[in-house]
Amino acid sequence: MIFTVAIDGPAAAGKGTIGRAVAARFGFAHLDTGLLYRAVGAKGGDPVLAARGLVPADLARDDLRTLVAGQAASRVAAIPEVRAALVDFQRRFARAKGGAVLDGRDIGTVICPEAEVKLYVTASAEVRAHRRWLEVGGDVSVVLAEVKERDARDMGRTDAPLRPAIDAVMIDTSAMSVDEAVAQAVALVAAKLGEME
Ligand code: CDP
Ligand code: CDP
């Protein structure tokens, strides 16, 4: 069976949490596409990116989940050649047999416009920054500024800007628990699978 669940949305909205849970529930593979951009952003030795002054070399050993790695990711993610280099891998993953969940920024709009289920997961910037702060610590106002700056860059870029696909189902998790958000997503996937039987 080929079945893709596309999950897009801004930073720390709960995309990965929902993606992992949906994949586990239905036995689908899961790809956190943000990690691809984080890995590119952290790859200080890349000559093309370094020549453009975009990749601080000292990021090479950093943990990919840090705020700095997130910033580096969103800067390299605005470069069309970087995005183009990652398309085929993501498309093959999305349409591989057995079902797949991909979360990111452009899955429903660019990578897999034919996805069977498209979700746009969001929450207020304050709620998202608080959630990220619980994970990374530090100064909550710095985390909020980082989240807002990254969202603005991701929404404002020319190539594959973050926006909901026209046929995406919106899930605002601002006032939801993880279990409630996961239950909504699972119900939507189950309904679509039922329709296809
Ligand atoms: O993948 P994305 O950056 O969108 O977010 P995440 O890493 O899945 O979630 C960020 C944090 O928010 C995690 O610690 C979740 O446990 C928490 N959270 C959530 O994802 N959904 C809720 N409804 C409530 C909290
Ligand atoms: O977990 P969080 O939502 O904070 O970030 P992420 O999903 O790991 O993505 C890091 C950065 O990679 C984003 O801010 C985007 O700039 C970029 N990205 C993208 O452009 N397209 C994707 N499909 C996934 C991530």
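Residue numbers (my numbering): 206 to 402. C-beta: ideal position from N, C-alpha, C; glycine also.
Quiz prompt | Reduced DSSP secondary structure (H/G/I, E/B, other) of Ile212 | solution = In this structure, DSSP gives Ile212 an extended state, which the three-state scheme calls strand.
Exercise. Put Asp311 into one of helix, strand or coil per three-state DSSP.
Key: Correct three-state label for Asp311: coil.
Exercise. Could you tell me the distance, in whole angstroms, from the CA atom of Gly298 to the CA atom of Asp344?
Key: According to the sequence shown, residue 298 is Phe rather than Gly. Near 37 Å, if we compare the C-alpha coordinates of Asp344 and Phe298.
Self-check item: Span separating the alpha-carbon of Gly224 from that of His235
Solution: Distance from the CA of Gly224 to the CA of His235, rounded to the nearest whole angstrom, comes to 7 Å.
Quiz item: Name the DSSP bridge partner or partners of Ala234?
Solution: Checking the DSSP bridge columns, you'll see Ala234 partnered with Ala305.
Exercise. Specify the secondary structure class of Met381 as computed by DSSP and reduced to three states.
Key: Shown here, Met381 sits in coil according to DSSP, grouped into three states, outside any helix or strand.
Practice problem: With distances taken Cα to Cα, identify the nearest neighbour of Thr238 among Gly313, Thr363, Glu402. | Solution: Closest option to Thr238, Cα to Cα, is Gly313.
Quiz item: When you compare only the Cα positions, how much space is there between Arg288 and Met401?
Solution: Separation of Arg288 and Met401 (C-alpha to C-alpha, rounded to the nearest whole angstrom) is 32 Å.
Quiz item: Could one say the Cβ of Val306 lies closer than 9 Å to chain C's Cβ atoms, at least one of them?
Solution: Although the question refers to chain C, the structure presented lacks it and comprises just one protein chain.
Quiz item: What separation, rounded to the nearest whole angstrom, lies between the Cα atoms of Val332 and Leu339?
Solution: Roughly 11 Å between the two C-alpha positions.
Quiz item: Are three or more beta carbon pairs between the region 304-324 and the region 211-224 nearer than 8 Å?
Solution: Because the criterion of three Cβ pairs below 8 Å is met, the region 304-324 and the region 211-224 touch.
Quiz item: Per DSSP, what kind of secondary structure is Ile376 in: helix, strand or coil?
Solution: DSSP places Ile376 in the strand class (E or B) of the three-state scheme.
Practice problem: Might you give, ordered along the chain, the residues of its own chain that have their beta carbon closer than 8 Å to the beta carbon of Val374, omitting 5 neighbours on each side? | Solution: Excluding sequence neighbours, Val374 sits near Val322, Lys323, Leu324, Tyr325, Leu393.
Self-check item: Thr209 versus Val352 - alpha carbon distance
Solution: Going by the C-alpha atoms only, they are around 27 Å apart.
Quiz prompt | Pocket of ligand 1 (residues with CB nearer than 5 Å to any heavy atom), chain order | solution = Counting every residue whose Cβ lies closer than 5 Å to a heavy atom of ligand 1, we get Ala217, Ala218, Gly219, Lys220, Gly221, Thr222, Arg336, Thr378, Met381, Val383, Ala386.
Quiz item: Rounded to a whole number of angstroms, what is the C-alpha to C-alpha distance between Arg300 and Leu291?
Solution: Roughly 15 Å separates the two Cα atoms.
Self-check item: Rounded Cβ spacing between Ala216 and Arg337 (contact assumed at less than 8 Å)
Solution: Confirmed, about 7 Å.
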